[in-house]
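Residue numbers (my numbering), protein chains in the order written: chain L, 1 to 201; chain B, 1001 to 1222.
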Amino acid sequence: MKHLSDDVLVDLAEGGRTGFDHLETCAVCRARVQAMRQTMGLLQADRVPEPSPLFWDHLSERIARAVREEAIPPRSWWTVARWNWSVAAVAAIIVAVVVIIPIQRKRGSVTGSDFSGATSSPEVGRDNAGNADDVSWALADAGESWQIVEGAAADLDLKGTQDAGIFVRAGSIDRELLMLSDQERRDLVRVIQVELDRSRL
Amino acid sequence: MLSRVWAGTGRSTAAAALGTPARPEWTVTVVQHEPARACADLLNGLDETELVRACLAGTRGAFDIIVERHRRLVYQLCYRFVSNHEDASDLSQDVFLRAYRGLKGFQGQSSLGTWLYRIGVNVCLNRVSAKVPATEPLDARPHQAQGDDPAVQLLRHERAARVRSAIARLPPKQRATLILRIYQELPHQEIAVILGSSVGAVKANFFHALGNLKKILAGESI
């Protein structure tokens, strides 16, 4: 008598196939199916112990930390290059504003600020900024082009700049932007706009 | 989008002591408001392909969602290979890390779960071939069923330990097939994709795995 093939026996043991009259007449195949079912039952009785409910969040945190520490991000080279370029460019400009301009100002190469359109007093952002309202008012009333700078500063991912190797103190960017002259602001807007346009290419 | 909050003013202590006109010290706090939650909700609503695309585009949090969706199945798979919680945790982390590294190679031809299973099986087989798994002591197992007779529990655990030990003695492909079929309850077709073989080969492996297991367990008179 010809016996059933292995894959048919597997299907029968799993209950995936029915209607095989052969089993009724063949004791060997019947015993095989029975033995397979028995072994499967023994295996299925063993369950994975459920870990603590806190374990899952802990595992996710571990994985997230490990992923963050990965040196190579899972992106194509051009995405990485474009992203790094845009972040580094904007970050470099802002760092230049934070670091270079105050130095120039100390050397006397930059003359007093002039907030035309922001206030009639050029000193609002500098010496007379005695409270938060004055400062935020000065920022809010600045010219339309200033919105681009504000937008760039607001959208700037500080973590991203740190990843690019540039470290800035929270608040220092806003403070220095506030103290720029009209001409400096116009130049900054122009340079940032050029860099943003280039990063979109 | 980030919103900014002006958070107060103050005079420097040194300047005040010297009686010099103090410049205000401004603290600007960058606070992430509702958009963060909205972003998480948005990511949660994405399907697998979109999540992978978001990861590749550098969207922060997209990979966390992938981990959250698949961590249980990956952990359980790893546990079946090593039979202890610590190693299973380490292996799970390794599986996801490898997945992250290889995400750009994910073609979407199979589901993300199948792809993770494939990575998981490879990682686990590599580990177990290099190291004999140590079954954890019975009292180290988390969340044991309460209320059972201790003697019954002990018997059950001993039996489980013997079964796991027997599975560990199977050839790698038979072992992987058995785990994926019995414990992960995957269809033969999916197992074939994971192991890179045919459905017929999977069924043959499963058949032989059960046969070998029966012999091993009979030898130990379970």
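Idealized CB from N, CA, C, for every residue including glycine.
Taking a cut-off of 8 Å for Cβ pairs, the region 1037 to 1052 of chain B and the region 1089 to 1098 of chain B do not touch, as fewer than three such pairs fall below it.
Around M1 (chain L), the same chain offers C26 as residues with beta carbons nearer than 7 Å, after the five sequence neighbours per side are excluded. A contact is defined here as three or more CB-CB pairs under 8 Å, and the region 1107 to 1123 of chain B meets this definition with respect to the region 1185 to 1194 of chain B. Interface flag for V1121 (chain B) against chain L is unset, since no Cβ pair is found closer than 9 Å. Inter-residue distance for F1081 (chain B) and R30 (chain L) is about 31 Å (C-alpha atoms, whole angstroms).
Interface annotation, Q38 (chain L): in contact with chain B, CB-CB separation under 9 Å. Annotation: Q193 (chain L) to Q183 (chain L) spans about 15 Å, alpha carbon to alpha carbon. Chain B has no Cβ within less than 9 Å of the Cβ of Q34 (chain L). Note on Q1076 (chain B): 16 or more other CB atoms within 10 angstroms of its CB, so buried under the neighbour-count rule. Contact of I63 (chain L) with chain B is assigned, a C-beta pair being separated by under 9 Å. Closest in C-alpha terms to I1179 (chain B), from the list B:D1149, B:L1213, B:V1152, comes B:L1213. In summary, the residues of the region 1171 to 1198 of chain B whose CB is separated from some CB of chain L by less than 9 Å are L1178, R1181, I1182, Y1183, H1188, in the order they occur in the chain. Cα atoms of A1161 (chain B) and A1151 (chain B): separation of roughly 15 Å, rounded to the nearest angstrom. Contact residues of the region 1040 to 1069 of chain B toward chain L are C1055, L1056, A1057, G1058, F1063, D1064, V1067, E1068 (C-beta to C-beta distance below 8 Å). By the CB criterion at 9 Å, S1110 (chain B) and R1118 (chain B) fall inside the cutoff. Beyond the five residues adjoining it in sequence on each side, G1108 (chain B) comes within less than 6 Å, by CB distance, of T1049 in the same chain, given in chain order. Distance from the Cα of E14 (chain L) is smallest, within the candidate group B:G1219, B:K1203, B:H1157, B:K1215, for B:K1203.
The beta carbon of R17 (chain L) lies closer than 6 Å to those of D11 in the same chain, with the five residues before and after it left out. Contacts between S1092 (chain B) and chain L, judged by CB atoms closer than 9 Å, involve L59, R62, I63 in chain order.
For F55 (chain L), the nearest CB of chain B lies under 9 Å from its own CB, placing it at the interface with that chain.
Look at G1200 (chain B) here: in three-state DSSP terms it is helix. Along the region 1092 to 1110 of chain B, the positions whose C-beta sits under 7 Å from a C-beta of chain L are S1092, Q1093, F1096, L1097, Y1100, R1101, L1103, K1104, read in chain order. Under the three-state reduction of DSSP, V48 (chain L) is assigned to coil, being neither helix nor strand.
Counting only Cβ-Cβ distances below 8 Å, G1219 (chain B) has no contacts in chain L at all, with the closest Cβ about 14 Å away. At least one CB of chain L lies nearer than 9 Å to the CB of A1160 (chain B). Assignment of D1087 (chain B) by DSSP, reduced to helix, strand and coil, places it in the helix class. In this structure L1210 (chain B) touches M36 (chain L) by the C-beta definition: roughly 5 Å separates them, less than 8 Å. Closest by C-alpha distance to R1175 (chain B), out of B:L1073, B:N1122, B:L1097, is B:N1122. The beta-carbon separation of F1096 (chain B) and V1052 (chain B), rounded to 13 Å, does not stay under the 8 Å limit for a contact. Against A66 (chain L), the close residues of chain B are Q1093, L1097, in the order they occur along the chain (beta-carbon pairs closer than 7 Å). Within chain L, the residues placing a beta-carbon under 8 Å from that of Q1076 (chain B) are V48, ordered along the chain. Note on geometry: alpha-carbon atoms of F1106 (chain B) and C1055 (chain B) lie some 12 Å from one another. Residue B:A1040 holds the alpha-carbon nearest to the alpha-carbon of A1062 (chain B) among B:P1187, B:V1074, B:Y1079, B:A1040. Here DSSP, grouped into helix, strand and coil, assigns K1214 (chain B) to helix. In the same chain as Y1183 (chain B), and ignoring 5 residues on each side of it, the C-beta atoms closer than 6 Å to its own belong to R1080, in chain order. Residue contact check for L9 (chain L) against chain B: a CB pair falls below 9 Å.
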